[in-house]
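Student: Residue numbers (this note's numbering), protein chains in the order written: chain A, 1 to 223; chain B, 224 to 446.
1. In whole angstroms, give me the CA-to-CA distance for residue 413 of chain B and residue 383 of chain B.
2. How about residue 356 of chain B and residue 442 of chain B: are their beta carbons less than 9 Å apart?
3. Should residue 130 of chain A be labelled buried (16 or more other beta-carbon atoms within 10 Å of its own) or exposed?
4. Start and end of the alpha helix (DSSP H) containing residue 298 of chain B?
5. If you compare alpha carbons, which of A:77, A:170, A:32 and A:99 is closest to residue 48 of chain A?
6. Tell me whether residue 259 of chain B sits in a helix, a strand or coil according to DSSP, three-state version.
7. Note down, one range per segment and in chain order, each beta strand (DSSP E) of at least 3 residues found wholly within the region 183 to 209 of chain A.
8. Would you say residue 122 of chain A lies against chain B (beta-carbon separation less than 9 Å)?
9. Residue 171 of chain A and residue 197 of chain A: beta carbons closer than 9 Å?
10. Anyone know if the C-beta pair for residue 313 of chain B and residue 147 of chain A falls short of 9 Å?
11. When the Cα atoms are used, what is the spatial distance from residue 227 of chain B to residue 136 of chain A?
12. Applying the criterion that 16 or more other CB atoms from any shown protein chain within 10 Å of the CB defines a buried residue, is residue 211 of chain A buried or exposed?
13. Can you tell me which of A:65, A:144 and A:223 puts its alpha carbon nearest to the alpha carbon of residue 388 of chain B?
14. What three-state label does DSSP hand residue 275 of chain B in the structure shown?
15. Using a Cβ-Cβ cut-off of 9 Å, state whether residue 212 of chain A counts as contacting chain B.
16. Would you say residue 66 of chain A and residue 16 of chain A are within 9 Å of each other, going by their C-beta atoms?
17. Looking at the structure shown, is residue 321 of chain B part of a helix, part of a strand, or coil, going by DSSP?
18. Using a C-beta cutoff of 9 Å, does residue 419 of chain B count as contacting chain A?
19. So is residue 80 of chain A buried or exposed if we call it buried at 16+ other beta carbons inside 10 Å?
20. In whole angstroms, what is the alpha-carbon distance linking residue 411 of chain B and residue 221 of chain A?
21. Contact defined as beta carbons within less than 8 Å: I believe residue 204 of chain A pairs with residue 51 of chain A. What is the distance between those atoms, to the nearest angstrom?
22. Between the region 338 to 350 of chain B and the region 256 to 267 of chain B, do three or more beta carbon pairs fall short of 8 Å?
23. Would residue 331 of chain B and residue 316 of chain B qualify as a contact pair, given that the criterion is a beta-carbon distance under 9 Å?
24. Kindly give me the distance between the Cβ atoms of residue 364 of chain B and residue 266 of chain B, rounded to whole angstroms, as I take these residues to be in contact under 8 Å.
25. Can you pull the DSSP bridge partners for residue 337 of chain B?
26. Rounded to whole angstroms, how far is the Cβ of residue 285 of chain B from the Cβ of residue 306 of chain B, which I believe are closer than 8 Å?
27. Please report the straight-line C-alpha distance between residue 224 of chain A and residue 46 of chain A, rounded to a whole angstrom.
28. For residue 173 of chain A, does the three-state DSSP call read helix, strand or coil?
29. What whole-angstrom Cβ distance do residue 362 of chain B and residue 386 of chain B have, given they're in contact under 8 Å?
30. At what residues does the beta strand (DSSP E) containing residue 157 of chain A begin and finish?
31. Does the beta carbon of residue 360 of chain B come closer than 9 Å to any beta carbon on chain A?
32. Residues of chain B with a CB under 8 Å from the CB of residue 150 of chain A: which are they?
33. I need the DSSP call for residue 85 of chain A, collapsed to helix, strand or coil.
34. Any beta-carbon of chain B closer than 9 Å to the one on residue 169 of chain A?
35. Can you give me the start and stop residues for the beta strand (DSSP E) that residue 361 of chain B sits inside?
36. In chain B, what lies closer than 7 Å to residue 144 of chain A by C-beta?
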């Protein structure tokens with residue numbers, strides 16, 4: 001990169017950081033836990049949100065912000081589950097930024113429990129942009145292969161949890177859950193690791209319990 | 224984006240375009256066909272190159288440039304097949320640029336037939352950067368889902384061919400080859416579509432024939 005390019009990038013990241021801190025602060029005061037989901041395209045973020053909605057809906061209020069380059073498809077899938085959803089179409093941009101979340105702020109109900117943000121499907125760029133979330137979760141689906149943490153380090157280093165998705169396929173794929181967990185923990189020892197399948201439901205309860213615990217902790221920290 | 228950001232991006236893309244045109248021109252004169260492979264992480268680019276090397280090696284000389292954010296893993300896999308390979312580690316950058324290919328130019332043997340470039344695993348950013356290739360191929364693996372062309376349009380609009388990979392999994396996945404082909408062709412009617420599995424070998428011969436035909440065309444155009 002040229003010096004000019006680096007300066008523009010630093011400006012962009014610096015201003016994003018400030019907006020993100022402000023969003024996190026406002027959400028914390030309202031007792032809303034925000035979760036930023038990161039992954040490659042097709043790792044199963046939307047289907048996971050559909051499944052989580054089934055488990056959380058009886059006792060908690062959730063809403064979803066969907067980030068995509070084009071189409072309203074993912075927001076429509078979430079709305080079909082009776083969950084409020086907003087679609088951000090980035091029109092070419094490869095990641096969400098905090099200011100895009102900030103623009104939706106007036107529409108977000110104050111009595112929510114969970115705000116899930118599904119980032120643009122991209123294992124690289126979204127890792128550089130704090131959206132004001134309390135938890136960042138990176139999904140890695142078994143068909144993507146178990147060599148990804150070291151090849152795409154930033155998403156794994158900056159996340160709070162690693163969700164290994166599509167576990168129903170693991171028996172027929174060359175994917176070693178132990179290998180990937182070990183590599184990911186070497187890079188980021190505080191990662192909490194979940195193995196799940198949105199297709200057969202394995203592991204969904206454990207993940208929703210993790211989010212519920214984090215919600216209670218947020219509220220007791222800001223009581 | 225601010226006006227300053229847009230200007231920096233335009234500079235970057237403009238200078239990339241010139242370098243790419245120069246690379247393409249030099250390769251054409253030498254009769255080397257360059258192929259740029261684009262996809263999400265884990266769609267099977269490296270394994271496809273391993274399989275292609277088995278089919279092409281008896282009659283053609285190929286080499287591979289591997290783009291990754293970190294690690295030499297992919298270049299090592301290709302070298303293990305007896306194929307020359309160079310690893311570009313972008314150190315965080317989400318795509319390859321033409322100048323990175325240009326720097327390797329002195330090392331590339333003049334008597335090659337095929338130069339394959341495996342881009343960073345990212346279905347978004349690499350689509351904006353011409354690397355001087357003659358053919359751009361986007362891979363979409365069946366586990367990623369059949370809704371991807373409209374959600375990540377640029378990679379599909381700028382490619383010459385669509386390679387639907389991991390076809391061996393199609394019977395157990397919700398992936399409709401006809402739907403995805405139809406959507407992709409609506410966006411880009413000149414796309415040539417291949418369906419293949421590097422695991423069981425289906426469709427590999429058809430794809431290698433396509434590259435061989437393109438090589439002959441390049442050489443007759445520049446004879």
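Where a beta carbon is used, it is the ideal one built from N, C-alpha and C, also for glycine.
Tutor: So, to answer that:
1. 7 Å
2. no
3. buried
4. 296 to 302
5. A:77
6. strand
7. 192 to 195
8. yes
9. no
10. no
11. 30 Å
12. buried
13. A:144
14. helix
15. no
16. no
17. helix
18. no
19. exposed
20. 53 Å
21. 5 Å
22. yes
23. no
24. 4 Å
25. B:256 and B:285
26. 6 Å
27. Absent from the structure is residue 224 of chain A, since the part of chain A shown begins at 1 and ends at 223.
28. coil
29. 5 Å
30. Looking at the DSSP string, residue 157 of chain A is not in any beta strand (DSSP E); the run it does join, the alpha helix (DSSP H), is 153 to 157.
31. no
32. 293, 294 and 296
33. strand
34. yes
35. 358 to 364
36. 264 and 265
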